[in-house]
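Encoded as structure tokens, the structure appears first; notes follow it.
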Amino acid sequence: MIQATGLTKVYKTGKSEVRAVDGADLDVNPREFILILGRSGSGKSTLLGMLAGLIRPSSGTVRFKGRDIGSLPDPAISELRAREIGFVFQFSGLIPTVTVLDNVLLPTLFIPARPEARSYALDLLERMDLADRAGAYPRTLSSGEMKRVAIARALINGPSLLIADEPTGDLDAYTEYEIMDLFRQLNNEGMTIVMVTHNPDLEQYATRIFGMDRGRLVERSHVEHAGQGVMETGLLRYRMP
Amino acid sequence: MNSLFFRLIRSSLANRPYRNIATVFVFALIAATLFSTQFLMKGAEQSLDAGISRMGADILVVPEESSMAGQSIILTGQPTSFFFDNSGFESISRIPGVAKASSQVYIATLFASCCAAPVQMIAIDAKNDFTITPWLQENPGVKLGKDDIIIGSNVIQNVGKDLMFFGHNFHVVGILDRTGTGVDNSVFTRIEDAHVMAEESGTRAVRKLTIPYGMVSAVLVKVEPGSSPQVVAADIEEHVQGTKTILREGLLHAVHGQLVATLQLLYGSFLAVAIVSIPLLGTISAMVANERKEEVSIFRALGATRGFVVFLMLAETCALAIIGSIIGITTAAGVLVIYQDYITHSLNIPFVIPSGVAILADGTGALVLALGIAGIATLYPAYLTMRAEPYEVIRGGES
Amino acid sequence: MTCKLTSGIGAFLILLGILVMLTPWIIFPVCEVEGMYLKTVSGVQMPMKCGWTARAETGMGALIIVGGGLLIARGTPETRQAVGVFSIATGILVILFPTVLIGMCALADHPCRQLTLPALEILGIIVIVAGGYLIWKRE
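What follows is the structure, encoded as structure tokens:
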């Protein structure tokens, strides 16, 4: 699905240079759950940004379903992000001035209008156990609830790839596992996931694990989960066409 | 654009009430000053047109020494009396280009009522008058007979009642529409009735009035179609000694002269406000854009193009511009309408509330200008947005 | 609506009431203050219409002050609604007295028509708007 070759990002601060990502190679195949582990400052978020086309690499290429996103103009990359990639940020990234439902619907503004979007959004919230909070504002939600809304938002346009940047970084342990279970369900239903974290305890959820240190990416293990079929959890039953 | 887009704009505007109120206030001020200027200009022009067309003449011929008084009869209704020899009337009628000529006598009165104020009496020659006759034709039930008067809109009396001038009773048979000019403070009667009033005034009135026979105050001239009023007026002054002509353009010029100081002040204020507001609004927009960097980055990460983000910022500023303009225009219109009497008297100009079409046009012009300024003010924050790397902000500096 | 905002609007109403009372006598005085009176046939001097309007507006101003005071003393939602309705009614009367109910001098160059009347109309509109706001935000 994604082929990243020789990805490098160099930041110049005054006279010195910082290599945030140094020659990373990454092949992401459909239905994989990729976990990238590393401590703060290792370059994992920069790598994610380049995979999603949000950060222009200093060198190297990223191909998404065969297309070189580096050569695409901004409108094309934006459309690709809107349709194909669901993004979950470290902090929930909800817009505080609009309701939970409108937050989930936000990505629908960037693709041609679909009449069934609203009912699909309500379905997603139902699956997240948040249907009764659709009219509430984010400030009234707990951090776990906000994260679930963020995940629903990431799914609204029926993406083929979910990118999560330290999605559990600001959660307590109990809520962290709740969210990770959700990710596992999504992966079992066929969603491809690339996630970065600094918490090694989350390795158990992934099919492939990478480590990142000082900008260098190294694959650590490749796990075949038993019974990797589609489980009828119903989360993605109403995937948008 | 679906309703979510409008909800986004509305919630974003509601989130920063004080800053948005300040922005709305600036737009209101811009729209109000431009609108007021146009409103006053149009009001003065329409009033003058109405007043002049009520007089019905292209040229007013008055005694040379009374030309200022002649102007003020039309413009402000300052009552006056002056006369010159009617023999000039025949000469004027014979000047090439003159289609019709009609003489009038002007008498300043002391109008005896509870709120005493002088009123201009204009005595017309019913045989060749073209001032009041058209109005009489539009109102076929009204006849100007013996001792009848037709009064301007500012003169206080009702149709069917009487008014007394110099001890002589006149019957009010009609009231003219408001023109905003001196015609509103005038009453029209026949010359023969005016002469009777003058004769009887010795015994009946507080003050004796003398109207010399064979003397008139002014001759109104209508030029033939295709003839130039300026040329005919010059001819009249050349051939009829001791006269001065007053033309429509001359009156317009006089009015503009009085208006110029006020209009300069208003246009100056408008320009000052507009010039100051652009950097001010740009600064406010840039501050808001900076605060919303994170929000913008989220939009971009979710798939928004740069163009969408700029469009969103522009839509928000334009929404404020529209709200501000509507508030400014309605407030300005309200104040100008409520204070129209004060404006007319303190500026000493003719004024009538412009037609609905004119008001709509002015309002639209002010609104379009405010939107233009909104667009310009959004340019700098839009440029900043285009340049920014969105994900840097989301990461918060962490790599 | 917060307590502070309610009291603020109450104070604003009191200010408006004072202005309505003072406008026809001091701020933009009517004709009789300028020495212009109506003389009857028998020679008696009487105030003109604007003088009677001024007296009526004095009463209206007092009523508006009472409304504002009530709002400060007791800012419950019911009081806000009542004072709101009351303010709209008094505001309408402030405008109607000099225009329809009693009137002002008919001549356009009298001070009562040029200055007093517009000022009262504007004050009336502001009182109406304040009353409308109180009803809108009564909760």
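Residue numbers (the numbering used here), protein chains in the order written: chain P, 30 to 270; chain A, -19 to 379; chain Z, 693 to 831. Note that the Cβ used here is the ideal one computed from N, Cα and C, for glycine as well.
How big is the Cα-Cα spacing for THR242(A) and GLN18(A)?
If you take the alpha carbons of THR242(A) and GLN18(A), they lie about 12 Å apart.
Between which two residues does the beta strand (DSSP E) harbouring VAL792(Z) extend?
Careful: VAL792(Z) lies outside any beta strand (DSSP E) and carries neither H nor E.
From what residue to what residue does the alpha helix (DSSP H) around THR344(A) run?
Taken as a continuous stretch (DSSP letters only), the alpha helix (DSSP H) holding THR344(A) covers 336 to 367.
When you compare each of ILE333(A), ILE278(A), GLY314(A), ALA346(A) to ILE303(A) by their alpha carbons, which one comes out closest?
Closest option to ILE303(A), Cα to Cα, is ALA346(A).
From the DSSP output, in three-state form, read off ILE827(Z) for me.
The answer is helix: DSSP assigns ILE827(Z) an H, G or I state.
In or out: THR159(A) buried (at least 16 other Cβ within 10 Å) or exposed?
THR159(A) should be labelled buried.
Let's see if you can read the secondary structure: which residues bound the alpha helix (DSSP H) around ARG280(A)?
Here the alpha helix (DSSP H) through ARG280(A) covers 273 to 282.
Note down, one range per segment and in chain order, each alpha helix (DSSP H) of at least 4 residues found wholly within the stretch 195 to 255 of chain P.
Fully enclosed alpha helix (DSSP H) runs of 4 or longer: 202 to 217.
Would you check if there are 3 or more beta carbon pairs closer than 8 Å linking the stretch 207 to 214 of chain P to the stretch 171 to 188 of chain P?
The stretch 207 to 214 of chain P is in contact with the stretch 171 to 188 of chain P.
Cβ closer than 9 Å: which chain A residues qualify as neighbours of ALA142(P)?
Neighbours of ALA142(P) on chain A, chain order: ASN(-18).
Check whether chain P comes within 9 Å of GLU378(A), counting only Cβ atoms and requiring the distance to be less than that.
Note that GLU378(A) scores 41 on pLDDT, short of 50, meaning its location in the model is unreliable; the coordinates nonetheless yield the value given after this. Output row for GLU378(A): interface = yes.
State buried or exposed for ILE180(P), treating a residue as buried only when at least 16 other CB atoms are found within 10 Å of its CB.
Buried is the call here.
Mapping the DSSP letters down to three states, classify ASN149(A) as helix, strand or coil.
DSSP places ASN149(A) in strand when its eight states are reduced to three.
Go ahead and pull the three-state DSSP assignment for VAL722(Z).
Coil, per DSSP.
With C-beta atoms as the reference, is ILE784(Z) less than 9 Å away from GLY824(Z)?
Contact: no.
Looking at the C-beta of ASN0(A), does it have a partner C-beta in chain P at a distance below 9 Å?
Judged by the 9 Å Cβ criterion, ASN0(A) is not in contact with chain P.
Round the Cβ separation of GLY756(Z) and LEU714(Z) to the nearest angstrom and send it over; I've been treating them as touching at under 8 Å.
Residue identity check: residue 756(Z) is Ile in the sequence provided, not Gly. Actually they do not touch by this definition, with Cβ atoms about 12 Å apart.
So what's GLY35(P) in DSSP terms, helix, strand or just coil?
Strand at GLY35(P).
For VAL196(A) versus PHE5(A), is the C-beta spacing smaller than 9 Å?
Cβ distance not < 9 Å, so VAL196(A) and PHE5(A) don't count as in contact.
Specify, as a first and last residue, the run of the alpha helix (DSSP H) that LYS80(A) falls within.
Not the alpha helix (DSSP H): LYS80(A) falls in the beta strand (DSSP E), residues 78 to 88.
Quick check on DSSP: helix, strand or coil for VAL712(Z)?
Three-state result, VAL712(Z): helix.
Using a beta-carbon distance below 9 Å, is THR324(A) in contact with chain Z?
Closer than 9 Å to some Cβ of chain Z, the Cβ of THR324(A) qualifies, so yes.
Take every Cβ of the stretch 212 to 231 of chain P, pair it with every Cβ of the stretch 61 to 79 of chain P, and state whether three or more of those distances are shorter than 8 Å.
Taking 8 Å as the limit for Cβ pairs, the verdict is that the stretch 61 to 79 of chain P does touch the stretch 212 to 231 of chain P.
Using a Cβ-Cβ cutoff of less than 6 Å, which residues in the same chain neighbour LYS224(A) once the five nearest sequence positions on both sides are dropped?
If we look at LYS224(A) and ignore the five residues flanking it on each side, its Cβ neighbours are VAL42, GLU44, SER47.
What is the rounded straight-line gap between the Cα of LEU130(P) and the Cα of LEU123(P)?
Roughly 11 Å between the two C-alpha positions.
Quick check on the burial criterion: 16 or more other C-beta atoms within 10 angstroms. Buried or exposed for SER107(P)?
With 16 or more other Cβ atoms within 10 Å, it is buried.
If you count every other CB in all the chains shown that lies within 10 Å of the CB of MET267(A), and 16 or more means buried, which is it?
Result: exposed.
Per DSSP, what are the beta-bridge partners of ALA53(P) in this structure?
Note: ALA53(P) sits in a beta bridge opposite LEU36(P).
Tell me which residues of the stretch 132 to 150 of chain A have at least one Cβ-Cβ distance to chain Z shorter than 8 Å, keeping chain order.
So the list reads ASN134, ILE136, given in the order they occur along the chain.
Just by C-beta distance, which residues in the stretch 237 to 257 of chain A are closer than 8 Å to chain Z?
Going along the stretch 237 to 257 of chain A in chain order, one finds no residue with a Cβ nearer than 8 Å to chain Z.
Are the beta-carbon atoms of VAL211(A) and ILE72(A) separated by less than 9 Å?
No, these two residues do not count as a Cβ contact at 9 Å.
Which residues in the same chain as ARG(-4)(A) place their Cβ atom closer than 8 Å to its Cβ, once the five residues preceding and following it in sequence are excluded?
The residues are VAL268.
With DSSP collapsed to three states, give me the class of ASP142(A).
Looking at ASP142(A) - three-state DSSP - the assignment turns out to be strand.
Could you name the residues of the same chain whose beta carbon sits closer than 7 Å to that of ASN134(A), not counting the 5 residues immediately before and after it, in chain order?
Result list for ASN134(A): ASP164, ASN165, in chain order.
Determine the closest residue to HIS802(Z) out of PHE789(Z), LEU705(Z), PHE720(Z), CYS695(Z), with distance taken between C-alpha atoms.
The shortest C-alpha separation from HIS802(Z) is found at PHE720(Z).
Taking 9 Å as the threshold (beta carbon to beta carbon), is VAL129(P) in contact with chain A?
Chain A contact via Cβ: absent.
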